[in-house]
Every structure is written in C-alpha cells, then in structure tokens.
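*Asks:*
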Ligand SMILES: [Ca+2]
Ligand SMILES: [Zn+2]
Ligand SMILES: [Zn+2]
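Here it is in structure tokens:
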C-alpha cells in the first residue's frame with residue numbers, strides 16, 4: 002500500500018483459484034508468524050491483538066481461520082518490519098510513499114503470503130496521529146490471501162492509504178465478493 006499520489010504498480014494476477022484448489026477443505030486453516038515490530042506500535046501483545054483484528058476482518062467473510070505459530074518456516078503468512086533493503090527485491094524507501102507490501106499466496110516460493118511493513122513509517126496501532134497499522138495490515142493481508150487492487154473507493158484493496166480504518170471497520174462489498182470468488186466456492 003502506498004500513500005496518495007504514488008504511481009501504482011499492480012502485479013498480474015492470473016491464477017486466483019490456486020489456493021482454493023490446494024485447500025478444498027471447508028475449514029481452511031492458515032498460520033502466521035511475527036518476526037519483529039516497530040517500537041512505535043508499543044508492546045508485542047498490542048501488535049498481536051491489532052493483527053488478530055486484521056485477520057478477523059477477512060475470516061468474517063470466508064471459511065478461513067487463522068492461527069499464530071512461532072515457527073516462521075512453518076507459517077503460511079510471515080509478517081515482519083524492515084527498512085530499506087530487507088532481504089527481498091523490493092527495498093523500502095524511508096518515511097512515506099510505500100508503506101508496506103505483500104506477496105500473493107502463490108508468489109515467489111517461500112515468500113508467498115508474506116507481509117513486510119516499512120519500519121520507517123510513523124506507525125500507530127489504530128486511529129490517532131500516524132499511519133494506521135490496522136488499516137494497512139488488512140490491505141496487505143488481502144494480497145496475502147490472493148486479492149489484487151480494486152479501483153473501488155469503498156474497498157480496503159484500493160491501492161492508496163486513506164487514513165485510519167476506525168473502530169467499526171468491515172471490509173468493503175467489493176472485498177467480500179472477491180473473498181467469495183476465491184474461497185466461497187470451496188464451501189459449496
Ligand atoms: Ca516508506
Ligand atoms: Zn496493495
Ligand atoms: Zn519486502
């Protein structure tokens with residue numbers, strides 16, 4: 002996700018059903034791990050509870066369930082913070098502009114599903130001053146689950162950051178339809 006006025010780079014997205022085929026079981030279980038976090042976000046339990054809310058925003062409209070693992074190598078979705086060059090081909094850019102990025106579930110081998118947050122942003126656990134970690138996490142987890150960007154302003158997959166998500170957040174109609182398309186048919 003980027004701040005406004007950035008150039009959008011949307012990667013191609015041609016096999017949206019891969020996850021569905023791989024997991025035909027109704028109770029899809031995904032695991033996640035957290036390597037590190039920005040000190041601006043406070044303690045680990047606050048970061049984990051914010052992430053848990055972000056996962057719930059998606060599980061609410063899908064048969065997916067998420068659990069945490071301390072085994073990074075076993076995690077479907079490994080989350081971490083990095084600054085500038087951080088071990089992949091997409092270095093971050095310091096404060097502003099690119100806020101985070103994520104890999105589609107079938108992308109880049111071991112990186113598939115992973116989410117990286119730019120450690121140089123002024124992260125806030127939610128609302129208030131700074132960049133809303135919750136809103137950005139929901140957006141990036143959408144990519145982890147296979148969703149691409151949406152031109153719909155009401156979608157959390159809109160490519161530009163539009164401020165804090167607020168207390169009573171739900172993913173947009175467009176996002177729900179995308180989840181049904183990707184995972185809903187598994188339940189039929
Ligand atoms: Ca940045
Ligand atoms: Zn994005
Ligand atoms: Zn990265």
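In this note's numbering, the protein residues as written are 2 to 189.
Cβ atoms here follow ideal geometry from the backbone N, Cα and C, with glycine treated the same way.
Does DSSP put residue 130 in a helix, a strand or coil?
*Replies:* In this structure, residue 130 counts as coil in the three-state DSSP scheme.
*Asks:* Would you mind reading off the limits of the alpha helix (DSSP H) that contains residue 47?
*Replies:* Element bounds for residue 47: 45 to 60.
*Asks:* Indicate whether residue 173 and residue 156 have their beta-carbon atoms separated by less than 9 Å.
*Replies:* For residue 173 and residue 156, yes; Cβs fall inside 9 Å.
*Asks:* Using a Cβ-based criterion (distance less than 8 Å to any ligand heavy atom), does residue 120 qualify as near ligand 3?
*Replies:* No, since every heavy atom of ligand 3 falls outside the 8 Å radius drawn around the Cβ of residue 120.
*Asks:* Which parts of the stretch 72 to 110 are runs of the beta strand (DSSP E), unbroken and 3 residues or longer, counting only runs that do not cross its ends?
*Replies:* Within the stretch 72 to 110, the complete beta strand (DSSP E) runs of at least 3 residues are 78 to 83, 101 to 103.
*Asks:* Does the beta-carbon of residue 1 have 16 or more other beta-carbons within 10 angstroms, so that it is buried, or is it exposed?
*Replies:* Not covered by the structure: residue 1. The range shown for the chain is 2 to 189.
*Asks:* Going by other Cβ atoms of all chains shown within 10 Å of its Cβ, with 16 needed for buried, is residue 139 buried or exposed?
*Replies:* Buried, because 16 or more other Cβ atoms sit within 10 Å of the Cβ of residue 139.
*Asks:* What does DSSP give as the partner residue(s) for residue 116 in the beta ladder?
*Replies:* Answer is 80, 103.
*Asks:* I need the DSSP call for residue 184, collapsed to helix, strand or coil.
*Replies:* It is coil, neither helix nor strand.
*Asks:* In the DSSP output, which residue or residues are listed as bridge partners for residue 161?
*Replies:* DSSP output for residue 161 lists 3 as bridge partner(s).
*Asks:* Looking only at DSSP bridge pairs, what is residue 124 linked to?
*Replies:* Paired residues: 132.
*Asks:* Give the range of the beta strand (DSSP E) segment to which residue 67 is assigned.
*Replies:* Start and end: 65 to 69.
*Asks:* Give me the pocket residues for ligand 2, defined as CB within less than 6 Å of any heavy atom, sorted by chain position.
*Replies:* Every residue passing the under-6 Å Cβ criterion appears here: 2, 140, 144, 150, 160.
*Asks:* Beta-carbon separation of residue 180 and residue 62 under 9 Å?
*Replies:* Against a cut-off of 9 Å, the Cβ pair of residue 62 and residue 180 comes out as a contact.
*Asks:* Does at least one heavy atom of ligand 1 sit under 8 Å from the Cβ of residue 100?
*Replies:* At least one heavy atom of ligand 1 is nearer than 8 Å to the Cβ of residue 100, so yes.
*Asks:* Go through its chain and collect everything with a Cβ distance to residue 51's Cβ below 8 Å, but skip five positions before and after it.
*Replies:* So the list reads 42, 126, 127, 134, 135, 138, once near-sequence residues are dropped.
*Asks:* What I want to know is whether the C-beta of residue 170 ends up closer than 8 Å to one or more non-hydrogen atoms of ligand 3.
*Replies:* No, the beta carbon of residue 170 sits no closer than 8 Å to any heavy atom of ligand 3.
*Asks:* Can you grab the Cα-Cα spacing for the pair residue 183 / residue 147, in whole Å?
*Replies:* About 8 Å.
*Asks:* Taking Cβ to Cβ, would you say residue 131 is nearer than 9 Å to residue 176?
*Replies:* Cβ distance not < 9 Å, so residue 131 and residue 176 don't count as in contact.
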